[in-house]
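Student: Quick note, the sequences are listed as chains L and Y, same order. Mapping the first sequence onto my numbering, position 28 (from 1) lands on 152, and the numbers just tick up by one. Mapping the second sequence onto my numbering, position 112 (from 1) lands on 122, and the numbers just tick up by one. Idealized CB from N, CA, C, for every residue including glycine.
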Amino acid sequence: DAMVIQNPRYQVTQFGKPVTLSCSQTLNHNVMYWYQQKSSQAPKLLFHYYDKDFNNEADTPDNFQSRRPNTSFCFLDIRSPGLGDAAMYLCATSRSGTENEKLFFGSGTQLSVL
Amino acid sequence: AQSVTQLGSHVSVSEGALVLLRCNYSSSVPPYLFWYVQYPNQGLQLLLKYTSAATLVKGINGFEAEFKKSETSFHLTKPSAHMSDAAEYFCAVRSNTGFQKLVFGTGTRLLVSP
């Protein structure tokens, strides 16, 4: 059964046109993460939510925003996508963010910017 | 800051041969180390994790990894490769600064030939 679900699987947007990616989870986990993975690179953490508390990574561009309206859902908003934002976006969850926890990943959304 | 280095962006083996994927870590404190696997067009899945309970860690699909403090290594091995093992493998370390986020290596693509 799918536990972390990302929609859509593929998203195409135009340069500068706002786009929203969605993630939902059925695990009731407290922490939700968004990672950006460019081709042949390591996943890079953009931000995470611990419950309702938003935590931005220092080097995440202002162009990237996130919303978590409830425990189950989290959204990634890209206000003005550039060509360099084309990547796989991975959503992940964990129960409480402690040291030895594993992360549960969704299948990702592949974003193309034309 | 914690970091991991994966040696070799691509590793090619024949079916039935030994698989060895290298990972070295940098950490000022005992680390929590992980191996994740990513199959094409999918999210990441945990293979195994080291949390100081035992230096030899067994994971899913016949993989195991050995933590060697003296070598600061956490190499991933499997005695006999299967075609289905072809995927991208990421070593990761749990950061111990601030929120303990997961920091990934750049990945190693495993190619298995018949």
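Would you mind telling me which residues of chain Y sit closer than 7 Å to ALA166 (chain L), beta carbon to beta carbon, in chain order?
Tutor: By Cβ distance, chain Y contributes PHE100, PHE114, GLY115, THR116, GLY117.
Student: Is the CB of GLN12 (chain Y) under 7 Å away from at least one CB in chain L?
Tutor: no
Student: Can you check DSSP and say which residues form a bridge with VAL32 (chain Y)?
Tutor: Reading the sequence as shown, one finds Arg at residue 32 (chain Y) and not Val. DSSP links ARG32 (chain Y) through a beta bridge to Y:LEU17.
Student: Buried or exposed, going by whether 16 or more other CB atoms sit within 10 Å of the CB of GLU81 (chain Y)?
Tutor: exposed
Student: Anything in chain L within Cβ reach of GLY53 (chain Y), meaning under 7 Å, just list it in chain order.
Tutor: LEU214, PHE229, GLY230, SER231, GLY232
Student: So if DSSP puts ASP177 (chain L) in a beta bridge, which residue, or which two residues, is it bridged to?
Tutor: L:TYR174
Student: Should PRO40 (chain Y) go down as buried or exposed, given a rule of 16 or more other Cβ atoms within 10 Å for buried?
Tutor: Its Cβ having fewer than 16 others within 10 Å, PRO40 (chain Y) is exposed.
Student: Alpha carbons only, please: which of Y:LEU54, Y:CYS33, Y:SER37 is nearest the one belonging to ALA97 (chain Y)?
Tutor: Y:LEU54
Student: With H, G and I counted as helix, E and B as strand and the rest as coil, what does DSSP make of MET127 (chain L)?
Tutor: coil
Student: Please return the same chain residues whose Cβ sits closer than 6 Å to the Cβ of GLY72 (chain Y), not counting the five positions on each side in sequence.
Tutor: LYS88
Student: On the three-pair Cβ rule with 8 Å, is the segment 17 to 26 of chain Y touching the segment 142 to 149 of chain L?
Tutor: no
Student: Below 8 Å on the Cβ atoms is my guess for SER105 (chain Y) versus ASN34 (chain Y); work out the distance and round it to an integer in Å.
Tutor: No, SER105 (chain Y) and ASN34 (chain Y) are not in contact; Cβ-Cβ is about 16 Å, not under 8 Å.
Student: For SER94 (chain Y), which of helix, strand or coil comes out of DSSP?
Tutor: helix
Student: Within 7 Å of any Cβ in chain L, is that where the Cβ of LEU56 (chain Y) sits?
Tutor: yes
Student: Within a Cβ cutoff of 7 Å, which residues of the same chain sit near ARG119 (chain Y), ignoring the five residues on either side of it in sequence?
Tutor: Once the five neighbours on either side are set aside, the close Cβ partners of ARG119 (chain Y) are SER19, HIS20, GLU98.
Student: What does a CB cutoff of less than 7 Å around LEU169 (chain L) pick up in its chain, not counting 5 residues either side in sequence?
Tutor: TYR157, TYR159, GLU181
Student: Which residue from Y:LYS111, Y:PHE44, Y:GLU25, Y:MET93 puts its Cα closest to that of PHE77 (chain Y)?
Tutor: Y:PHE44
Student: Any C-beta of chain Y sitting closer than 7 Å to the C-beta of LYS176 (chain L)?
Tutor: no
Student: Can you pull out the residues from the segment 56 to 72 of chain Y whose beta carbon lies closer than 8 Å to at least one beta carbon of chain L?
Tutor: LEU56, LYS59, THR61
Student: Taking Cβ positions only, does LEU200 (chain L) come closer than 7 Å to chain Y?
Tutor: no
Student: At which residues does the beta strand (DSSP E) containing ILE70 (chain Y) begin and terminate?
Tutor: Neither: ILE70 (chain Y) is in no beta strand (DSSP E) and is coded neither H nor E.
Student: Checking contacts by CB at 7 Å: is LYS111 (chain Y) closer than that to chain L?
Tutor: yes
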